[in-house]
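One structure below.
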């Protein structure tokens with residue numbers, strides 16, 4: 001009887017400690033909750049506008065913008081699902097006993113993230129073919145659809161094992177007298193193999209994202225060097241021709257001065273004729289250089305287009321926001337004893353880094369607004385029409 005009473009007292013003490021620390025962490029994570037709610041609002045609004053404008057409002061979409069509506073759908077779902085997963089972790093930091101909810105959230109979040117990465121890879125490959133191999137193979141509408149189906153299949157394959165690898169797992173801390181449950185990775189052989197597969201896939205995806213843009217940058221540098229060299233050679237040639245024309249003009253004017261007393265016929269002087277010839281030649285060379293410059297600008301715009309820059313910045317945003325999360329997930333650089341001795345700011349900072357990858361899904365609409373003037377104009381028209389409708 002005494003033993004049972006002692007066990008009940010220990011359990012009650014543990015429950016009291018768990019409830020206290022659960023409430024404590026809920027209060028600590030309030031700034032992160034606000035940030036996640038802002039992620040949801042911004043992601044739904046921004047990506048919703050992208051889907052509406054690129055997918056329905058525009059009658060014709062440029063070749064480089066084909067995948068953007070689909071990427072916006074993936075970002076919209078990512079901002080909702082991943083933010084809700086984050087809120088579940090912050091609102092139930094030690095009392096998350098919903099194993100099925102944790103597994104489904106991990107499955108959906110992983111699938112949407114993988115699909116977004118696959119779309120970024122498709123965009124990078126399309127940009128490479130467009131810029132570096134303009135006369136090579138073209139990614140037709142049929143092949144784009146086939147590649148998207150393959151991307152969905154790959155996303156499902158990579159996300160499927162998360163049903164086994166993740167769930168509601170027990171957490172114990174002797175220093176803080178905690179014995180609760182959190183939504184996290186289940187320690188097992190399957191989860192270790194799954195982490196290894198995801199790590200390899202992430203490195204492969206990063207390579208497929210970085211290599212095409214590096215080749216585009218190399219092609220661009222070569223083009224710019226050739227352009228500068230051509231400009232220098234044409235300027236040098238023009239100066240040489242002008243110098244020769246001036247010499248010929250001077251010799252003709254000298255001859256005209258010597259013969260003028262002998263001639264009584266009033267004709268235009270040779271000096272005037274030579275000056276006219278020189279001016280005409282300069283005008284012709286100016287027109288030639290202007291035409292060359294216009295052609296070079298068109299070629300330059302084709303190679304260094306705004307679409308390529310926009311896609312490059314979208315990819316860089318994804319890499320910068322995702323790498324910290326991947327390091328925490330795959331490399332397990334956070335030891336199990338971290339929460340034993342960590343300060344409040346360290347715990348909050350770790351949770352912020354763990355959720356920062358969602359920033360990628362809300363940043364893309366701002367990038368589109370900055371680079372695409374037509375998209376920016378459409379947004380202004382939508383907001384103006386909404387304001388006018390409210391005033392009426």
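Numbering (UniProt numbering), first residue to last: 1 to 392.
In this text, a Cβ means the ideal position worked out from N, Cα and C, and glycines have one as well.
- Counting along the chain, residue 184 sits inside the beta strand (DSSP E) bounded by residues 178 to 185.
- Residue 149 and residue 20 have their C-alpha atoms roughly 48 Å apart.
- Relative to residue 139, the option among 116, 112, 67 whose CA is nearest is 67.
- When only Cα atoms are considered, residue 25 and residue 131 end up about 51 Å apart.
- Taken through DSSP and simplified to helix, strand or coil, residue 166 comes out as strand.
- Residue nearest to residue 37 within the set 83, 22, 60 is 83 (criterion: CA-CA distance).
- Counting other Cβ atoms within 10 Å of its Cβ, residue 307 reaches 16 or more and is therefore classed as buried.
- A Cβ-Cβ separation of about 36 Å leaves residue 388 out of contact with residue 123 under the 8 Å criterion.
- Inclusion of residue 365 and residue 49 in the CB contact set at 8 Å is warranted, their separation being smaller than that value.
- Rounded to the nearest whole angstrom, the C-alpha separation of residue 321 and residue 362 is 11 Å.
- Looking at 28, 168, 178, 205, the one whose alpha-carbon comes closest to that of residue 114 is 205.
- A residue is called buried once 16 or more other Cβ atoms fall within 10 Å of its Cβ, and residue 135, having fewer, is exposed.
- DSSP, read as helix, strand or coil, puts residue 97 in coil.
- Counting along the chain, residue 135 sits inside no alpha helix (DSSP H), nor does DSSP assign it H or E at all.
- Remark: C-beta atoms of residue 314 and residue 358 do not approach each other more closely than 8 Å.
- Here the alpha carbon of residue 346 sits roughly 32 Å from the alpha carbon of residue 160.
- Between residue 73 and residue 51, the gap from beta carbon to beta carbon is short of 8 Å.
- Spatial neighbours of residue 53 in its own chain (CB-CB distance under 7 Å, excluding positions within 5 residues in sequence) are listed in chain order as 375, 378.
- For residue 59, no alpha helix (DSSP H) run applies, since DSSP gives it neither H nor E.
- Under the criterion of beta carbons closer than 8 Å, residue 166 and residue 103 qualify as touching, at roughly 6 Å.
- A Cβ-Cβ distance of about 15 Å is found for the pair residue 171 and residue 90, leaving them out of contact under the 8 Å criterion.
- Going by DSSP, residue 326 is part of the alpha helix (DSSP H) stretching over 306 to 326.
- In the DSSP assignment, residue 355 falls within the unbroken alpha helix (DSSP H) covering 344 to 355.
- Contact annotation: residue 212 and residue 125 have beta-carbon atoms nearer than 8 Å.
- About 16 Å separates the beta carbons of residue 184 and residue 18, which is beyond the 8 Å limit, so they are not a contact pair.
- Here the alpha carbons of residue 182 and residue 169 stand approximately 6 Å from one another.
- Beta-bridge pairing by DSSP links residue 378 to no other residue.
- Secondary structure note for residue 365: its alpha helix (DSSP H) is the uninterrupted segment 359 to 371.
- Beta-bridge partners of residue 171 (DSSP): 180.
- Apart from sequence neighbours up to five positions away, the residues of its chain that approach residue 112 with a beta-carbon distance below 7 Å are 74, 77, 78, 81, ordered along the chain.
- Taken through DSSP and simplified to helix, strand or coil, residue 66 comes out as coil.
- Between residue 62 and the set 372, 383, 162, the nearest pair of CA atoms involves 372.
- For residue 151, the closest of 40, 381, 386, 70 by C-alpha to C-alpha distance is 70.
- In the three-state scheme derived from DSSP, where H, G and I count as helix and E and B as strand, residue 213 is classed as helix.
- Distances from the alpha-carbon of residue 40 to those of 86, 29, 22, 57 put 86 closest.
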